[in-house]
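Just so we're aligned: the first sequence equals residues 9 to 290 in this note's numbering.
Even for Gly, the Cβ is constructed at its ideal location relative to N, Cα and C.
Note that this is a predicted model, so its numbers are computed, not measured.
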Amino acid sequence: MPELPEVETVRRGLAPRCTGRRIGRAEFRRGDILIVPEEAGDDPARWAAPFTGGRTIIRVGRQGKYLLLDMDGDAGWAVHLGMSGSMVVHAEDTPADQHTHVILHLDDGVEVHYRAPRRFGRWIAAPCGPALSAVQDRVGIDILDPTLDVDEFANRLGGSRATIKSRLMDQRLVAGLGNIYADEALFAAAVHPMCPASDLDVGQWATLLRCTRAVLHRALGNGGTTFSSYRDAAGRRGGHSDHLRVYGRESEDCLRCSGYVERIKVAGRSTHCCATCQRAPV
DNA sequence: TTACTCCTGGCC
DNA sequence: GGCCAGGAGTAA
Numbered sequence: 009m010p011e012l013p014e015v016e017t018v019r020r021g022l023a024p025r026c027t028g029r030r031i032g033r034a035e036f037r038r039g040d041i042l043i044v045p046e047e048a049g050d051d052p053a054r055w056a057a058p059f060t061g062g063r064t065i066i067r068v069g070r071q072g073k074y075l076l077l078d079m080d081g082d083a084g085w086a087v088h089l090g091m092s093g094s095m096v097v098h099a100e101d102t103p104a105d106q107h108t109h110v111i112l113h114l115d116d117g118v119e120v121h122y123r124a125p126r127r128f129g130r131w132i133a134a135p136c137g138p139a140l141s142a143v144q145d146r147v148g149i150d151i152l153d154p155t156l157d158v159d160e161f162a163n164r165l166g167g168s169r170a171t172i173k174s175r176l177m178d179q180r181l182v183a184g185l186g187n188i189y190a191d192e193a194l195f196a197a198a199v200h201p202m203c204p205a206s207d208l209d210v211g212q213w214a215t216l217l218r219c220t221r222a223v224l225h226r227a228l229g230n231g232g233t234t235f236s237s238y239r240d241a242a243g244r245r246g247g248h249s250d251h252l253r254v255y256g257r258e259s260e261d262c263l264r265c266s267g268y269v270e271r272i273k274v275a276g277r278s279t280h281c282c283a284t285c286q287r288a289p290v
């Protein structure tokens, strides 16, 4: 389940292989993952291929969970991996299975395969601007953006009685966290996931921001978390699964106190936390 | 704020 | 055979 560390790992793998390369041919093998301008009509894949082929990739960026492929001619793609997507660099003429929905054939023979078995991923076209312009209304400041300070973090997420976990996962407020790392961050900060966001005090906001970033950096250092399908740009699994401290550890001992990890539902998502050392809402 | 939808592989 | 996982959009 690609969240920020996984998407950033993919980006770091793709960038050196793709930046400055011309896309000789772009193969869009199915249209239903594409979000393109209305004038594309009912055959988005047919619109997307010439829009992409022949252009040069000038930057591979990321904001939150979106990969941003900027191309020359002021155009781009914001690519979301959904929960099972991968972007893998292959040699020329590598066979693709039925889950491979996009193949970019680069001018040096490299192929970039976008695979998304569960098809939750999307390619969102930016027809006349950088890739980010296609998604800027749905993705807020990246949680690792150094210009995001504690005050702004608290301003964005606080001011609502909604649970802190649902606020942390709202990509429009702060982008990058999904279900796994929201649980990990809240555990690290010893904040209960059901705590109303507006109840956090100044110290807790500071701790939460610091812990969230530490959790993400640690996961990045391990190449992300793989449970089943996630792969980096070289097709490798992530190594962080064994380092998770609370996610997926239902009824096991808490790693910080004498309590145990329980699994509850918060905002409709399965949530792992320690009811003993993560301060529960009053 | 909650519930449903999309989709498929993996598991019981 | 059915349920679960989950990001994000939408509907109730």
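query = Is the beta carbon of tryptophan 213 less than 8 Å from the beta carbon of valine 158?
reply = The count along the first sequence starts at 1 and reaches residue 213 at position 205. The count along the first sequence starts at 1 and reaches residue 158 at position 150. Their beta carbons are under 8 Å apart, which means tryptophan 213 touches valine 158 by this criterion.
message = Checking 8 Å against the spacing of the C-beta atoms, do glycine 32 and aspartate 115 come in under that value?
response = In the first sequence, counting from the first residue as 1, residue 32 sits at position 24. In the first sequence, counting from the first residue as 1, residue 115 sits at position 107. Taking the C-beta atoms as reference points, aspartate 115 is found nearer than 8 Å to glycine 32.
request  = Sort out for me which residues DSSP pairs glutamine 71 with in a bridge.
outcome  = Against the first sequence, residue 71 aligns to sequence position 63. Answer is Tyr74.
message = Based on DSSP bridge pairs, tell me the residues matched to serine 141.
response = For this step, residue 141 is matched to residue 133 along the first sequence. None, per the DSSP bridge assignment.
task = Would you list, in sequence order, the uninterrupted alpha helix (DSSP H) runs of no fewer than 4 residues that lie entirely inside the segment 109–136?
result = Uninterrupted alpha helix (DSSP H) stretches at least 4 residues long and entirely within the segment 109–136 do not occur.
request  = Decide yes or no for the touch test of the segment 62–82 against the segment 121–128: beta carbon pairs closer than 8 Å, at least 3 of them.
outcome  = Counting Cβ pairs under 8 Å, fewer than three are found: no touch.
request  = Using a threshold of 8 Å, state whether the C-beta atoms of alanine 170 and alanine 205 are closer than that.
outcome  = As a working note, residue 170 is residue 162 in the first sequence. As a working note, residue 205 is residue 197 in the first sequence. The answer is yes: Cβ separation under 8 Å.
inquiry  = Whole angstroms are fine: how far does the CA of valine 254 sit from the CA of methionine 202?
reply    = On the first sequence, residue 202 is found 194 positions in, with the first residue counted as 1. On the first sequence, residue 254 is found 246 positions in, with the first residue counted as 1. Roughly 15 Å separates the two Cα atoms.
ask   = Skipping 5 residues on each side, what residues in its chain have a beta carbon closer than 8 Å to that of arginine 146?
value = Taking the first sequence and counting its residues from 1, one reaches residue 146 at position 138. Closer than 8 Å at Cβ, skipping near neighbours: Gln179 and Arg180.
ask   = What number of angstroms, rounded off, separates the C-alpha of valine 223 from the C-alpha of glycine 211?
value = Along the first sequence, read from residue 1 onward, the residue named residue 223 stands at position 215. Along the first sequence, read from residue 1 onward, the residue named residue 211 stands at position 203. Valine 223 and glycine 211 have their C-alpha atoms roughly 18 Å apart.
ask   = Just the Cα atoms here: how many angstroms apart are glycine 72 and isoleucine 151?
value = The residue labelled residue 72 in the question sits at position 64 within the first sequence. The residue labelled residue 151 in the question sits at position 143 within the first sequence. When rounded, the distance between both Cα atoms is 7 Å.
key: aspartate 5 in three-state terms, based on DSSP   = Absent from the model: residue 5. The displayed extent of the chain is 9 to 290, so no value can be given.
task = Put histidine 107 into one of helix, strand or coil per three-state DSSP.
result = As a working mapping, residue 107 is identified with position 99 in the first sequence. Coil, per DSSP.
ask   = Ordered along the chain, which non-local residues of its own chain (more than five positions away) have a Cβ less than 7 Å from that of cysteine 262?
value = The count along the first sequence starts at 1 and reaches residue 262 at position 254. So the qualifying residues of the chain are Tyr268, Val269, Cys282, Thr284 and Cys285.
ask   = Count the other CB atoms within 10 Å of the CB of histidine 251; is the residue buried (16 or more) or exposed (fewer)?
value = Along the first sequence, read from residue 1 onward, the residue named residue 251 stands at position 243. Exposed, since its Cβ has fewer than 16 Cβ neighbours within 10 Å.
message = Determine whether the beta carbon atoms of aspartate 78 and proline 138 lie at a separation below 8 Å.
response = As a working note, residue 78 is residue 70 in the first sequence. As a working note, residue 138 is residue 130 in the first sequence. It is a contact, given that the beta carbons lie within the stated cut-off.
Per-residue burial, histidine 225 [other beta carbons within 10 Å of its own, 16 or more giving buried] = Here residue 225 refers to the residue found at position 217 when the first sequence is read from its first residue. Exposed, because fewer than 16 other Cβ atoms sit within 10 Å of the Cβ of histidine 225.
Among Leu156, Gly39, Arg244 and Val18, nearest to leucine 76 - alpha-carbon criterion = By 1-based counting over the first sequence, the position of residue 76 is 68. Of Leu156, Gly39, Arg244 and Val18, the smallest CA-CA separation from leucine 76 is found for Val18.
request  = Please classify threonine 234: does DSSP put it in a helix, a strand, or coil?
outcome  = Counting from 1 along the first sequence, the entry for residue 234 is found at position 226. DSSP, read as helix, strand or coil, puts threonine 234 in coil.
key: Where the alpha helix (DSSP H) through threonine 171 begins and ends   = Position 163 of the first sequence, counted from the start, is the residue given in the question as residue 171. Neither: threonine 171 is in no alpha helix (DSSP H) and is coded neither H nor E.
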